[in-house]
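Student:
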Amino acid sequence: MAEPQITNKDFQPITVHHSEAEKIAGESASYWKDAWRRFKKNKLAIAGIIVILLLSFMAIFGGTISGQNYYEQDLLNANNPPSSDHWFGTDNLGRDVFARTWYGAQISLFIGLMAAIIDIVIGVIWGAIAGYFGGKTDEIMMRIADILYGLPYLLVVILLLVVLPQKLWTLIIAMTITGWINMARIVRGQVMQLKAQEFIMASKSLGAGNGRVLFKHLIPNTTGQILVTLTLTIPSAIFTESFLSFIGIGVQAPLASWGTMANDGLPALQYYPYQLFFPAIFICLTMLAFNVIGDGMRDALDPKERR
Amino acid sequence: MVTYILKRLGYIILSLFFIITITFFLMHAAPGGPFASERALTPAIEAQMNEAYGLNDPIHVQYLDYLVSAFTFDFGPSFKYVGQEVSDIIRRGLPYSLVLGLEAMFIALAIGVLLGVIAALKHNRFGDYTAMIIAVLGISVPSFIMAAVLQYIFAIQMQLLPIARFETFAHTILPAVALASTPLAFIARLMRSSMLDVLSTDYIKTAKSKGLGQRVVTYRHGLRNAILPVISYIGPLVASILTGSFVIEKIFGIPGLGNEFVVSVTNRDYTVIMGTTVFFSVLLLVSILLVDLVYGLVDPRIKVAAKGDKG
Chain A
1 MAEPQITNKD FQPITVHHSE AEKIAGESAS YWKDAWRRFK KNKLAIAGII VILLLSFMAI
61 FGGTISGQNY YEQDLLNANN PPSSDHWFGT DNLGRDVFAR TWYGAQISLF IGLMAAIIDI
121 VIGVIWGAIA GYFGGKTDEI MMRIADILYG LPYLLVVILL LVVLPQKLWT LIIAMTITGW
181 INMARIVRGQ VMQLKAQEFI MASKSLGAGN GRVLFKHLIP NTTGQILVTL TLTIPSAIFT
241 ESFLSFIGIG VQAPLASWGT MANDGLPALQ YYPYQLFFPA IFICLTMLAF NVIGDGMRDA
301 LDPKERR
Chain B
1 MVTYILKRLG YIILSLFFII TITFFLMHAA PGGPFASERA LTPAIEAQMN EAYGLNDPIH
61 VQYLDYLVSA FTFDFGPSFK YVGQEVSDII RRGLPYSLVL GLEAMFIALA IGVLLGVIAA
121 LKHNRFGDYT AMIIAVLGIS VPSFIMAAVL QYIFAIQMQL LPIARFETFA HTILPAVALA
181 STPLAFIARL MRSSMLDVLS TDYIKTAKSK GLGQRVVTYR HGLRNAILPV ISYIGPLVAS
241 ILTGSFVIEK IFGIPGLGNE FVVSVTNRDY TVIMGTTVFF SVLLLVSILL VDLVYGLVDP
301 RIKVAAKGDK G
């Protein structure tokens with residue numbers, strides 16, 4: 001093999017035009033792009049998203065694919081273990097546990113999502129107004145929040161459910177009555193930090209009103225925090241729903257959720273453990289998935305916090 | 001210090017006043033009278049019963065009566081269990097719940113702190129991942145599912161521990177572990193991040209460069225500072241153990257306060273609901289006060305009295 005000829009020509013300086021010197025080679029990444037790049041690296045969080053997508057898909061279509069329905073009672077085939085007919089077995093009234101699991105998934109996920117969204121909406125508005133106006137407004141609004149926050153959340157929800165008629169929407173209302181406080185505190189802190197910054201002053205000096213500053217500048221800048229809190233609120237809402245249903249004051253028959261299924265399965269634990277374990281596994285799986293997604297999002301959106 | 005405690009006690013009484021008022025009016029707004037389920041009652045007897053329980057008085061008289069008697073811890077008779085006073089029910093249930101709650105708190109604190117410290121010391125290594133997987137699982141598995149799983153494995157399958165009731169120490173293990181699982185996971189995470197913060201501070205570097213051993217640096221200098229956030233978590237911990245006891249006592253058939261509360265909710269036994277709620281609130285408010293005081297003692301950087309003047 002011939003030696004490559006090295007001549008003096010190879011050692012000439014490359015001339016770079018001065019206009020090119022300042023050019024940035026990489027593509028500039030926006031905040032969200034950057035966050036997404038970090039988020040993608042988190043295998044657990046991606047797995048969590050896949051699990052949630054699968055569960056949502058099954059919640060919508062899962063009830064029909066086994067050829068059984070969730071309400072039909074067949075007392076001759078009560079308490080059957082899992083088989084090719086009934087993939088997850090049957091419960092004490094002979095209803096198909098597989099179909100019921102996905103029907104329960106609809107209710108559990110719906111309540112979890114609705115309660116979390118309502119929490120976030122109230123919390124964001126409350127916190128943003130308190131943080132933005134400050135002074136007496138802030139004092140009064142946060143004092144109200146503090147009083148509500150002083151009592152254990154579940155105790156308040158249970159007391160409300162004793163009084164309210166037992167419907168699906170009253171359950172959601174009871175769950176949101178103090179659930180928004182956490183979000184309000186986070187948003188308030190963020191808004192107080194942001195409102196002192198120059199871009200807010202710029203916007204104000206251009207004549208923007210309070211409403212515009214709040215909804216166009218302050219709240220959009222807290223989106224990251226809001227998203228993280230939303231993802232972490234959903235599992236706790238699902239937990240609350242199943243907790244309440246488990247002690248018999250949550251979702252009422254004929255509706256069924258994972259919590260009521262677990263409650264129904266508990267007395268049969270010794271002989272038919274699958275009746276409790278199927279809904280239990282899905283409660284845990286859903287909460288786990290949302291928790292890892294939330295953690296992943298927090299790491300991705302706030303790299304300073306990352307360890 | 002004394003003025004601070006008095007001030008805090010004043011706040012507690014104020015909060016209690018709110019809680020009693022709210023629960024009183026909530027329970028009176030509830031649909032149906034307390035005797036609605038006993039359909040066989042003739043109107044004459046119902047009137048007699050209403051009279052006996054003071055339900056014929058105007059609402060503000062009832063309210064004032066209740067307020068006065070609540071402060072002497074007399075919550076009146078149970079509507080469902082004839083001849084039982086609410087305060088008797090509380091007195092009967094409390095010892096079980098207290099033992100269970102304290103045991104669960106001990107487990108949550110001891111193991112939670114241990115896991116957190118291990119995770120921080122083995123940062124980004126196997127020990128860290130293991131501890132944090134345990135923590136995420138603990139947060140994601142609700143206590144009532146944990147309880148059922150523990151019951152199934154240790155009581156039904158392995159027959160190692162009794163499945164229910166509350167008599168000997170062996171009976172307490174499963175419910176206490178189930179009750180502790182979620183707060184344990186929170187404490188482990190809290191401890192880990194606080195320990196990581198502390199381990200990267202200058203005074204830890206100083207301690208190391210003085211030539212102190214790993215053990216002394218970790219425990220004398222690191223742990224003592226890192227544990228402070230965990231102490232301030234004890235307030236929420238009490239609340240979490242308290243609400244957790246509602247389901248755990250139901251699953252394990254423990255005749256404690258949490259169980260009484262749930263039974264009274266399903267029975268719509270309004271006086272018992274009100275009484276236990278007020279009692280839970282007292283318990284919680286007092287323990288939060290105690291935690292704050294202890295916090296001041298443990299961390300000399302925080303002046304308890306000064307903090308009180310601010311808020």
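So the sequences go chain by chain: A and B.
For the first sequence, position 138 matches number 138 in UniProt numbering, and the numbering has no gaps at all.
For the second sequence, position 244 matches number 244 in UniProt numbering, and the numbering has no gaps at all.
Just so it is clear, CB atoms sit at the ideal spot from N, CA and C, and this is done for glycine as well.
1) Give the single residue among A:206, A:144, A:191, A:208 whose Cα lies nearest to the Cα of residue 177 of chain A.
2) Identify the residues that DSSP records as bridge partners of residue 13 of chain A: which are they?
3) From residue 46 of chain B to residue 133 of chain A, what does the alpha carbon distance come to, in whole angstroms?
4) Can the beta-carbon of residue 92 of chain A be found less than 9 Å from the beta-carbon of residue 78 of chain A?
5) So, helix, strand or coil for residue 198 of chain A, using DSSP?
6) With a CB to CB cut of under 7 Å and the five nearest residues on each side skipped, what residues in its chain are close to residue 228 of chain A?
7) Flag residue 295 of chain A as yes if its beta-carbon sits less than 9 Å from any beta-carbon of chain B, otherwise no.
8) Quick one: list the residues of chain A neighbouring residue 7 of chain B, beta-carbon separation under 7 Å, in chain order.
9) Could you check where the alpha helix (DSSP H) with residue 79 of chain B kicks off and where it finishes?
10) Does residue 262 of chain A come within less than 9 Å of chain B when only Cβ atoms are used?
11) Cβ atoms of residue 289 of chain B and residue 9 of chain B: under 9 Å apart, would you say?
12) Looking at residue 238 of chain A: is its Cβ nearer than 9 Å to the Cβ of residue 277 of chain A?
13) Output needed for residue 101 of chain B: all residues of its chain with C-beta closer than 6 Å, excluding positions within five of it in sequence on either side, in chain order.
14) Compile a chain-ordered list of the residues in the stretch 64–92 of chain B whose CB is closer than 9 Å to at least one CB of chain A.
15) Could you tell me which chain A residues have their CB closer than 8 Å to the CB of residue 166 of chain B, listed as they occur along the chain?
16) Can you check whether the C-beta of residue 10 of chain A is within less than 9 Å of a C-beta belonging to chain B?
17) Helix, strand or coil for residue 201 of chain B per DSSP?
18) Determine, using beta carbons only, whether residue 312 of chain B comes closer than 9 Å to chain A.
19) Spatial neighbours of residue 191 of chain A within its chain, please: CB distance less than 6 Å, with the 5 preceding and 5 following residues excluded, ordered by chain position.
20) Measure the C-alpha to C-alpha separation of residue 286 of chain B and residue 67 of chain A and round it to an integer number of angstroms.
21) Is it buried or exposed, residue 56 of chain B, if we count other Cβ atoms within 10 angstroms and call 16 or more buried?
22) Going straight from the alpha carbon of residue 150 of chain A to that of residue 29 of chain A, what length do you get?
23) Let me make sure I understand the geometry here. Which of B:80, B:121, B:228 has the alpha-carbon closest to that of residue 394 of chain B?
24) On the CB-based measure, 16 or more other CB atoms within 10 Å of its CB, does residue 1 of chain B come out buried or exposed?
25) Touching or not, the stretch 251–263 of chain B and the stretch 89–98 of chain B, by the rule of three or more beta carbon pairs under 8 Å?
26) Counting Cβ pairs, one atom from each stretch, are 3 or more of them under 8 Å apart for the stretch 178–193 of chain B and the stretch 229–237 of chain B?
27) What in chain A is Cβ-close to residue 265 of chain B, meaning under 7 Å?
28) What does the alpha-carbon distance come out to for the pair residue 75 of chain B and residue 251 of chain B?
29) Closer than 8 Å by C-beta to residue 271 of chain A: which residues in its own chain qualify, once you throw out the five before and the five after it? Chain order, please.
30) Which of helix, strand or coil does DSSP assign to residue 27 of chain A?
31) Should the stretch 113–121 of chain A be regarded as contacting the stretch 278–287 of chain A, the criterion being three or more beta carbon pairs within less than 8 Å?
32) Within 8 Å: the Cβ of residue 113 of chain A and any heavy atom of the ligand PLP?
33) Suppose you measure from the CA of residue 235 of chain B to the CA of residue 135 of chain A; what does that come to, to the nearest Å?
34) As a quick exercise: from A:189, A:282, A:223, A:101, pick the residue whose alpha carbon is nearest that of residue 235 of chain A.
35) What is the rounded straight-line gap between the Cα of residue 243 of chain A and the Cα of residue 253 of chain B?
36) Going by Cα to Cα distance, which pick from B:85, B:174, B:63 is closest to residue 156 of chain B?
Tutor: Let me spell this out:
1) By one-based count along the first sequence, residue 177 of chain A stands at place 177. Here the closest residue by C-alpha is A:144.
2) Translated into the one-based positions of the first sequence, residue 13 of chain A becomes position 13. In DSSP, residue 13 of chain A forms no bridge with anything.
3) One-based indexing of the second sequence puts residue 46 of chain B at position 46. One-based indexing of the first sequence puts residue 133 of chain A at position 133. Roughly 55 Å between the two C-alpha positions.
4) Looking up residue 92 of chain A in the first sequence gives position 92. Looking up residue 78 of chain A in the first sequence gives position 78. Taking 9 Å as the Cβ cut-off, residue 92 of chain A and residue 78 of chain A qualify as a contacting pair.
5) Against the first sequence, residue 198 of chain A aligns to sequence position 198. Correct three-state label for residue 198 of chain A: helix.
6) As a working note, residue 228 of chain A is residue 228 in the first sequence. 294, 297, 298, 301.
7) Within the first sequence, residue 295 of chain A is the residue found at index 295, counting from 1. Interface residue, yes.
8) Looking up residue 7 of chain B in the second sequence gives position 7. The premise fails here: residue 7 of chain B is roughly 16 Å from chain A at the closest Cβ pair, so nothing lies under 7 Å.
9) Here residue 79 of chain B is taken as the residue at index 79 of the second sequence, counted from 1. Taken as a continuous stretch (DSSP letters only), residue 79 of chain B belongs to no alpha helix (DSSP H), as it is neither H nor E.
10) Numbered from its first residue, the first sequence carries residue 262 of chain A at position 262. For residue 262 of chain A, the answer is yes, since a Cβ of chain B falls inside 9 Å of its Cβ.
11) Along the second sequence, read from residue 1 onward, the residue named residue 9 of chain B stands at position 9. Along the second sequence, read from residue 1 onward, the residue named residue 289 of chain B stands at position 289. Closer than 9 Å, so yes.
12) If you number the first sequence from 1, residue 238 of chain A lands on position 238. If you number the first sequence from 1, residue 277 of chain A lands on position 277. Cβ distance not < 9 Å, so residue 238 of chain A and residue 277 of chain A don't count as in contact.
13) For the purposes of this step, residue 101 of chain B is identified with residue 101 of the second sequence, where counting begins at 1. If you ignore the 5 residues before and after residue 101 of chain B, its C-beta comes within less than 6 Å of the C-beta of 241, all in its own chain and listed in chain order.
14) none
15) Taking the first residue of the second sequence as 1, we reach residue 166 of chain B at position 166. Within 8 Å Cβ-Cβ: nothing; residue 166 of chain B doesn't reach chain A, min ~18 Å.
16) Within the first sequence, numbered from 1, the residue matching residue 10 of chain A stands at position 10. Judged by the 9 Å Cβ criterion, residue 10 of chain A is not in contact with chain B.
17) Residue mapping note: residue 201 of chain B aligns to position 201 of the second sequence, counting from 1. Looking at residue 201 of chain B - three-state DSSP - the assignment turns out to be coil, as it is neither helix nor strand.
18) Any property of residue 312 of chain B remains undetermined from this structure, which presents chain B solely from 1 to 311.
19) By 1-based counting over the first sequence, the position of residue 191 of chain A is 191. So the qualifying residues of the chain are 128, 131, 132, 218.
20) The residue you call residue 286 of chain B lines up with position 286 of the second sequence. The residue you call residue 67 of chain A lines up with position 67 of the first sequence. So the two alpha carbons sit approximately 56 Å from each other.
21) Start at 1 with the first residue of the second sequence, and residue 56 of chain B comes out as number 56. Exposed.
22) Within the first sequence, residue 150 of chain A is the residue found at index 150, counting from 1. Within the first sequence, residue 29 of chain A is the residue found at index 29, counting from 1. Going from the Cα of residue 150 of chain A to the Cα of residue 29 of chain A covers about 43 Å.
23) This structure cannot speak to residue 394 of chain B, because chain B is shown only from 1 to 311.
24) Residue mapping note: residue 1 of chain B aligns to position 1 of the second sequence, counting from 1. Under a 10 Å Cβ-count criterion, residue 1 of chain B is classified as exposed, with fewer than 16 other Cβ atoms of the shown protein chains found around its own Cβ.
25) yes
26) yes
27) Walking along the second sequence from the start, residue 265 of chain B turns up at place 265. Per Cβ cutoff of 7 Å: 158, 162, 249.
28) For the purposes of this step, residue 75 of chain B is taken as residue 75 along the second sequence, with counting starting at 1. For the purposes of this step, residue 251 of chain B is taken as residue 251 along the second sequence, with counting starting at 1. One C-alpha to the other measures close to 27 Å.
29) For this step, residue 271 of chain A is matched to residue 271 along the first sequence. 79, listed in sequence order.
30) Your numbering for residue 27 of chain A matches position 27 in the first sequence. Correct three-state label for residue 27 of chain A: coil.
31) no
32) Ligands are entirely absent from the displayed structure, and the ligand PLP is therefore not among its contents.
33) If you number the second sequence from 1, residue 235 of chain B lands on position 235. If you number the first sequence from 1, residue 135 of chain A lands on position 135. When rounded, the distance between both Cα atoms is 28 Å.
34) For this step, residue 235 of chain A is matched to residue 235 along the first sequence. Nearest C-alpha to residue 235 of chain A: A:282.
35) Here residue 243 of chain A is taken as the residue at index 243 of the first sequence, counted from 1. Here residue 253 of chain B is taken as the residue at index 253 of the second sequence, counted from 1. Their backbone Cα atoms lie some 17 Å apart in a straight line.
36) As a first step, residue 156 of chain B must be located in the second sequence, where it is residue number 156. Closest option to residue 156 of chain B, Cα to Cα, is B:174.
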